[in-house]
Every structure is written in structure tokens, then in C-alpha cells.
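One structure below.
Residue numbers (the working numbering), protein chains in the order written: chain A, 484 to 917; chain B, 13 to 338.
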């Protein structure tokens with residue numbers, strides 16, 4: 484009897500979902516035939532039979548999840564008894580029966596084949612523990628892979644014994660970006676007297692790597708909207724004692740709108756766009772020689788009051804360098820308004836799909852009914868990943884933001900909690916007139 | 013303005029200046045006064061400062077260092093010379109149990125501003141008892157500072173700083189460096205203990221070395237340029253205190269590290285620096301840290317065997333290539 488296990492297809496992946504069984508129980512299978520399609524967080528893979536025989540038992544039904552390397556089915560001779568104890572799908576990764584590594588073939592385009600050196604079969608230690616076939620990689624390569632969003636498991640290492648090293652990651656990133664140099668070779672400028680090196684802090688280096696990856700890999704496009712915030716400014720005056728500001732209104736409007744515009748609250752994956760279930764707004768916060776993006780978790784589920792309070796606490800903590808790593812942000816807002824910037828071209832914070840740049844509110848002359856009038860105006864700059872959305876979609880999102888911010892009293896709910904308030908406000912509360 | 017000086021003359025100048033400026037500075041050791049020292053570092057001091065401040069002693073190292081430690085406790089600034097670091101083993105009690113401990117055992121009320129000058133490393137066939145690199149013994153002892161200059165410039169500036177320091181400072185010169193020449197500023201200067209110097213900039217590999225391994229590392233770097241590799245050479249200059257910041261900054265940039273020491277590898281300072289790097293810059297290492305060190309053996313008298321026992325230029329070249337997967 485040969486067990487079939489959930490393949491380990493990525494270094495950090497702990498589980499996979501069986502999408503579909505291509506063979507039914509009792510059906511005979513030949514070595515190399517596709518038994519099932521499984522999906523990890525990153526991609527889908529085919530699981531092939533390691534041996535000829537009959538698919539005796541399916542232990543993990545389609546649609547169910549199982550830990551990597553746990554047994555999901557077994558192949559044997561017709562009529563063979565199944566030792567159920569040894570085959571139970573596990574909830575931990577440490578107790579699976581020994582099994583040869585499944586041959587997996589990526590269904591996503593590109594470079595998912597395993598380096599032969601790293602594709603070690605599962606080793607059995609005193610008949611109980613299976614070691615995962617993780618690729619060996621230098622610490623630097625692992626860090627760079629994280630920063631450049633390169634999947635480590637797909638890379639053939641060029642170091643001794645197949646070790647994945649820095650240059651392998653760079654080559655993979657180069658491949659992914661379609662040939663442009665992944666990282667410009669460090670120019671050696673001619674030093675002049677008085678030049679001073681300011682060594683990179685880790686934060687600086689992280690920002691450099693992530694923003695380079697963003698600029699290189701994400702096809703950005705930009706849309707702008709001038710928003711009349713005259714009534715928002717009035718309302719802000721009234722709400723001053725509660726510490727609610729224009730920024731909070733922008734965050735609120737964004738968070739609520741992203742529920743509808745889910746393509747802007749998404750990650751671009753290998754095979755499609757992963758629309759995130761939750762809205763976790765990231766706020767770009769400037770700190771000493773750097774930038775942090777702390778999350779406002781579930782920002783779409785709270786009223787303006789709570790949101791403002793949450794934002795204050797989060798920003799204050801971020802300014803002291805404290806940021807909660809979880810949850811990962813799904814959309815970022817960068818507000819340079821307080822610094823007098825009117826509009827700018829922000830870079831998307833990968834793996835997100837969009838970022839909103841908020842400019843300053845200032846008086847401007849606008850035409851209304853054929854006459855010039857003075858209003859408080861603010862420009863929103865939206866950067867989007869063209870792989871995920873197109874101009875019209877992003878424009879509709881921006882139009883909704885504009886509408887909400889121009890009629891804040893109607894569209895923004897001060898104290899709603901849960902799902903009810905905001906949803907209705909977004910859907911039917913706005914008239915656009917103020 | 014600078015002029016070229018021999019390493020030994022730069023040290024000599026430092027002693028002259030220190031004795032000029034501070035009447036509590038005096039020199040003591042075997043053959044340092046009349047003879048001017050085996051390597052002429054104390055040349056001319058006797059004539060200028062007299063026998064009370066430039067003292068010849070019998071060959072009795074424990075007494076010489078004991079005298080220095082006692083004088084330092086009373087507020088003098090002795091510069092004690094022990095010919096060859098090998099013979100500092102005779103004075104370990106004075107150094108380790110007395111000099112290194114006093115400041116802490118007196119709650120900071122006492123100090124031992126002593127400089128112990130001595131010579132380390134091979135010296136072209138002076139055999140096992142005169143060729144050792146024993147810096148790791150001192151490195152291991154809390155309370156001792158450890159300086160190992162590689163150039164005339166560093167030798168002078170560091171010796172001035174060591175004499176001004178409230179010590180105790182072990183100052184190890186290298187026999188093969190005394191006759192090397194290099195630029196030394198005309199004006200007064202000191203080099204703060206604990207500051208490393210980047211002897212050469214490069215982006216491919218960080219090479220950490222000190223004392224007589226620096227000229228070899230520079231030579232290796234020249235060869236490696238021919239292979240398209242730019243090596244950054246960092247000379248810690250003082251091993252205690254050790255300039256972590258400069259080392260780590262370089263490592264995070266190059267991601268490949270080679271450490272070269274003349275001393276035997278086992279229990280050496282290179283291993284300790286490697287441990288600092290892996291702890292502080294783990295995510296930046298693209299390869300295992302390479303250590304090039306002396307073999308675990310007493311140094312043989314025969315020149316060819318002596319050479320085989322300590323790192324040569326080609327060993328350094330090979331280690332760098334291995335570290336960068338070239």
C-alpha cells in the first residue's frame with residue numbers, strides 16, 4: 484500500500500486544499516497519472532500517482548484542507564486491507580506516515596519545478612517522522628525572496644549542494660519582471676572630499692527593496708479627483724472635540740467603498756486576483772528616516788468615532804516604532820496633505836493592488852453655475868495595479884469616494900458598529916448634493 | 013601633511029611625544045634603555061628622559077610587569093615592554109588577576125593605566141617559542157583592552173591613545189611590520205580605541221583581518237581585482253573594544269565574509285567575530301563565514317614549514333572565492 488500525501492509546494496506553506504479528485508475510489512491508476520489537483524495559498528498543483536495500482540481510499544474529500552505531507556489517499560492492490568490508523572489525515576505536520584514525495588507539477592506558468600538537489604524524498608526516522616523536502620537557501624536569499632515576493636521553492640540553487648543563494652533570487656526576480664535588471668548593479672560613484680556614507684538601517688533597506696520591487700513589477704496607473712471638502716471641513720470643526728479629522732473621513736470612505744470594489748482590496752496571485760475577505764487599511768506613517776504602514780484591522784466595520792480613535796492610537800504607536808505585524812494590510816493610504824502636498828504619485832505597497840494618496844485641503848476657485856466660487860478643495864491620487872483593475876473600475880471607486888466625502892453627513896456614520904450602518908450609507912444614503 | 017615613517021619609528025615618535033607631554037609616563041623593560049629595545053622602538057628615550065623614566069631591568073618578566081602594575085595603581089602611566097608575547101605567559105597573574113580586576117574590585121575607585129607593549133606573530137624563523145600569536149588569551153579576559161596595529165599611522169595614533177587610556181591595554185606589535193613604511197601625519201593625533209578602519213572599499217566580500225594579515229589581505233585583494241572581485245578590507249585595529257558597527261555595516265552590504273587571523277583557529281578571535289556576525293546580521297549572509305587561520309600546531313623553525321602553518325596570500329584568495337561562490 485502506498486500513501487498519497489499533500490505535497491509541500493512552498494517553504495512557508497503548512498496546508499493545502501484538495502480542489503478535485505481526478506480518480507474515484509476503486510479506480511485503477513497508472514504511475515504518473517494525475518490523481519488530484521490541490522491548491523496552496525500560492526498556486527494549484529497536480530498530484531501524480533507514484534505507483535501503479537488501485538485508488539483504495541480517499542481520505543480528504545474535494546474542497547477539504549489537509550496539512551502538507553499528511554496522507555490524503557492511498558494506492559494499493561485491489562482488495563488490500565487498509566491500515567486506517569497509519570493513514571488518518573493529521574492536524575499536525577509531525578506525525579505522518581513515511582511517504583515518497585509526490586511528484587508535483589505546477590499549473591501556474593513559469594518556474595515551479597523543483598531543484599533536483601532539494602527534492603529529497605521524505606525521510607523516515609524511526610518509522611514515524613517525515614522530514615519535509617525544504618530547499619536549502621542562504622539567509623540572505625530567504626530575506627531577499629521575502630522582499631522581492633519570489634517563491635523560494637521554485638528556484639534551482641546554484642550554490643554548493645543546490646543551495647539557493649542571493650544571485651538565484653535576483654535571477655528569478657529578473658525572470659519575473661520580464662528581463663529588466665532586478666537590482667541595478669551598484670554604481671561606484673567617484674567619491675569627493677566631504678562625502679558621507681549613511682549606512683542603511685534595516686528599515687531603510689527593507690523600504691528600498693520593497694519599493695524597488697513595486698516599481699519594477701507592478702504596472703502602475705494613476706487617477707486623480709478633486710474633491711470639494713467644504714462641508715467636510717465644516718463638519719470637522721464641529722467634531723474637533725472628538726478628535727475626528729478629515730483623514731478619518733477619507734479612511735472611513737475608503738474602507739466602506741472597498742467592500743464593493745473588492746478588486747482594489749486584493750492581491751495579485753500567479754493564477755488570478757485574490758480578493759481579500761477583510762479590509763485592513765494600512766496607514767503610511769513617517770518615522771525617523773523611514774516609513775511604517777501599521778494596519779487598521781477591519782476598518783470597514785467601525786463608525787467614524789471608533790475609527791478616529793483607532794487611527795490615533797495606531798499612528799502614535801507607529802511613531803514610536805511599534806507596528807502590529809498582523810493582520811497584513813490590504814490597501815494603503817498615504818496622506819501628505821499636512822505637509823502641504825497637493826497631489827503625488829505613490830508607489831503601491833506590495834502585494835496590495837492600490838494605494839490612495841491624500842493631498843492637502845485648501846481653498847480653490849471653482850466654477851459653479853457659470854460663476855467662480857471659492858471652496859475647500861482636496862485632491863485624491865489613486866495608484867492601481869493594472870493587472871488587477873482597469874481605469875473605469877478605479878474611476879468608479881474614486882467617484883464613490885468623492886461622493887461620500889462631498890456629502891459626509893449623509894454618507895459617513897459616526898458611531899455605527901458591525902455591518903449595518905456603513906453598508907446602507909454607501910448604497911443608498913448619498914445624493915451627491917450638499 | 014604626512015611623511016613616510018617606518019612602523020617602529022612611528023611607535024618611537026609616539027613614545028617621545030607621550031613622555032614630553034606627561035611626566036607620569038615612563039618606560040620599563042629588558043634592554044629598552046641602553047640598547048633602545050630589540051626593535052629600536054625605545055631608541056633615544058634614555059638620552060632624552062634619563063634613567064628614572066627609561067628603565068632597564070633584569071630578565072625577570074613577572075617583576076617588570078608587577079612594577080608596572082603597582083606604579084599604574086599609584087597614578088603613573090607605565091609603558092612596559094615584554095620582548096615577545098610568548099613571554100607574557102610569565103606575567104599572567106599580574107595582568108589577569110591584578111591589573112584586569114582592580115577597577116571593578118574597587119568599585120571604579122582605582123585604575124591601572126598601564127600599557128604592555130609586546131611583539132606577536134612569526135618573525136622569519138624564530139621558532140615555536142618566539143612566533144606565537146597569543147592575542148586570544150588576552151581577548152578572553154574581561155578588563156583588558158587589546159590593540160594590534162597594522163600600519164605606522166595606526167601604530168602611532170593607537171599607542172598615544174593607549175597611553176592616555178585608563179587601561180590596562182595590551183599592545184601587540186608585529187615583528188614583520190616594524191620595517192614596513194607608511195604615511196604618518198606630522199601633527200599630533202590619536203586614534204580612538206574601538207574604531208575599525210576600512211583599509212580598502214569593495215562591494216563583493218567583507219574581509220576582516222588585523223596586524224600582519226592586513227598587508228597580505230591587501231595583496232590578495234589586488235589579485236582578486238583581476239577576477240572581477242572587489243574585496244572590502246576591515247581592520248578592527250583594536251580587538252577589545254571591537255567596532256561591531258563598522259563590521260556589521262559592511263557585512264550587510266556585501267553579504268559575504270572572510271576573517272583572517274595568523275593565530276591558530278581553535279578558540280580564536282576570528283571565531284568570536286564570526287559569532288557576532290551571525291547573531292547580528294544573520295539575514296544578510298549569503299554564504300557561510302570563511303575563516304583563514306593558522307594551523308593548530310606550534311610554529312616550526314623551518315621557513316617552509318613556518319609558511320605552511322600561517323595564512324598566505326593564496327589562502328586568502330581561495331577563501332574569498334569560496335565565500336562568494338566564484
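Here a beta-carbon is modelled for each residue, glycine too, at the ideal position from N, C-alpha and C.
For residue i, the nearest candidate out of the options (CA to CA)
i: residue 329 of chain B; options: B/112, B/244 and B/279; result: B/244
i: residue 629 of chain A; options: A/641, A/870, A/649 and A/640; result: A/649
i: residue 143 of chain B; options: B/166, B/171 and B/97; result: B/97
i: residue 509 of chain A; options: A/539, A/518, A/487 and A/637; result: A/539
i: residue 234 of chain B; options: B/19, B/170 and B/213; result: B/213
i: residue 306 of chain B; options: B/94, B/146, B/299 and B/32; result: B/146
i: residue 536 of chain A; options: A/520, A/544, A/831 and A/557; result: A/557
i: residue 896 of chain A; options: A/790, A/837 and A/642; result: A/790
i: residue 828 of chain A; options: A/516, A/704, A/640 and A/544; result: A/704
i: residue 138 of chain B; options: B/320, B/336, B/311 and B/227; result: B/311
i: residue 716 of chain A; options: A/729, A/710 and A/706; result: A/729
i: residue 771 of chain A; options: A/683, A/550 and A/624; result: A/683
i: residue 31 of chain B; options: B/120, B/79 and B/172; result: B/172
i: residue 761 of chain A; options: A/755, A/739 and A/776; result: A/739
i: residue 124 of chain B; options: B/113, B/277 and B/130; result: B/113
i: residue 886 of chain A; options: A/733, A/852 and A/786; result: A/733
Under 8 Å from the C-beta of residue i: neighbouring residues of chain B
i: residue 648 of chain A; result: 298, 299 and 337
Host alpha helix (DSSP H) of residue i (start-end)
i: residue 252 of chain B; result: Premise fails: residue 252 of chain B lies in the beta strand (DSSP E), 250 to 252, not in any alpha helix (DSSP H).
i: residue 21 of chain B; result: 19 to 33
i: residue 827 of chain A; result: Careful: residue 827 of chain A lies outside any alpha helix (DSSP H) and carries neither H nor E.
i: residue 83 of chain B; result: 73 to 85
i: residue 318 of chain B; result: 315 to 321
i: residue 265 of chain B; result: 256 to 266
i: residue 170 of chain B; result: 164 to 176
i: residue 210 of chain B; result: That residue, residue 210 of chain B, is in no alpha helix (DSSP H); its beta strand (DSSP E) goes 209 to 212.
i: residue 839 of chain A; result: Per DSSP, residue 839 of chain A belongs to no alpha helix (DSSP H); it is in the beta strand (DSSP E), 837 to 841.
i: residue 330 of chain B; result: 325 to 335
i: residue 817 of chain A; result: Segment 814 to 818 is the beta strand (DSSP E) holding residue 817 of chain A; no alpha helix (DSSP H) there.
i: residue 627 of chain A; result: 622 to 631
i: residue 199 of chain B; result: From DSSP, residue 199 of chain B is part of no alpha helix (DSSP H); its letter is neither H nor E.
i: residue 292 of chain B; result: 281 to 292
i: residue 848 of chain A; result: Run containing residue 848 of chain A: none in the alpha helix (DSSP H); it sits in the beta strand (DSSP E), 845 to 851.
Proximal residues of chain A, C-beta to C-beta of residue i below 8 Å
i: residue 295 of chain B; result: 622, 623, 625 and 626
i: residue 231 of chain B; result: Residues of chain A passing the Cβ test: none, with the nearest at roughly 22 Å.
Presumed contact (8 Å Cβ cut-off) between residue i and residue j, rounded CB distance
i: residue 91 of chain B; j: residue 27 of chain B; result: 7 Å
i: residue 182 of chain B; j: residue 219 of chain B; result: That pair is no contact at about 24 Å.
i: residue 803 of chain A; j: residue 764 of chain A; result: The Cβ separation is near 20 Å, so there is no contact.
i: residue 111 of chain B; j: residue 180 of chain B; result: 4 Å
i: residue 841 of chain A; j: residue 863 of chain A; result: 6 Å
i: residue 335 of chain B; j: residue 268 of chain B; result: 5 Å
i: residue 778 of chain A; j: residue 632 of chain A; result: In fact, because the Cβ distance is near 18 Å, the residues do not count as touching under 8 Å.
i: residue 881 of chain A; j: residue 708 of chain A; result: 5 Å
i: residue 264 of chain B; j: residue 185 of chain B; result: No, residue 264 of chain B and residue 185 of chain B are not in contact; Cβ-Cβ is about 32 Å, not under 8 Å.
N- and C-terminal bounds of the beta strand (DSSP E) containing residue i
i: residue 653 of chain A; result: Premise fails: residue 653 of chain A lies in the alpha helix (DSSP H), 649 to 659, not in any beta strand (DSSP E).
i: residue 858 of chain A; result: 854 to 868
i: residue 502 of chain A; result: 498 to 504
i: residue 517 of chain A; result: 517 to 522
i: residue 485 of chain A; result: 485 to 488
i: residue 561 of chain A; result: Premise fails: residue 561 of chain A is in no beta strand (DSSP E) and is neither H nor E.
i: residue 880 of chain A; result: Note, residue 880 of chain A: premise wrong, no beta strand (DSSP E); alpha helix (DSSP H) at 874 to 889.
i: residue 38 of chain B; result: 37 to 41
i: residue 541 of chain A; result: 536 to 541
i: residue 183 of chain B; result: 181 to 186
Chain-ordered neighbours of residue i on chain B, where CB pairs are closer than 9 Å
i: residue 642 of chain A; result: 298, 299 and 337
Chain-ordered chain A contacts of residue i [CB-CB under 7 Å]
i: residue 261 of chain B; result: 682
i: residue 267 of chain B; result: 623 and 649
Residue-level contact to chain C via CB, residue i, 8 Å cutoff
i: residue 28 of chain B; result: In the displayed structure, chain C is absent; the protein chains listed are A and B.
Check: residue i C-beta below 7 Å from any heavy atom of the ligand FMN
i: residue 849 of chain A; result: Of ligands this structure carries none, so the ligand FMN is not represented either.
- prompt: Taking the runs of the beta strand (DSSP E) that are 3 residues or longer, which of them lie wholly in the segment 703 to 755 of chain A?
  reply: Runs of the beta strand (DSSP E) lying entirely within the segment 703 to 755 of chain A and spanning at least 3 residues, in chain order: 703 to 711 and 749 to 751.
- prompt: Which ranges would you report for the alpha helix (DSSP H) in the segment 82 to 133 of chain B if only whole runs of at least 4 residues count?
  reply: 114 to 117
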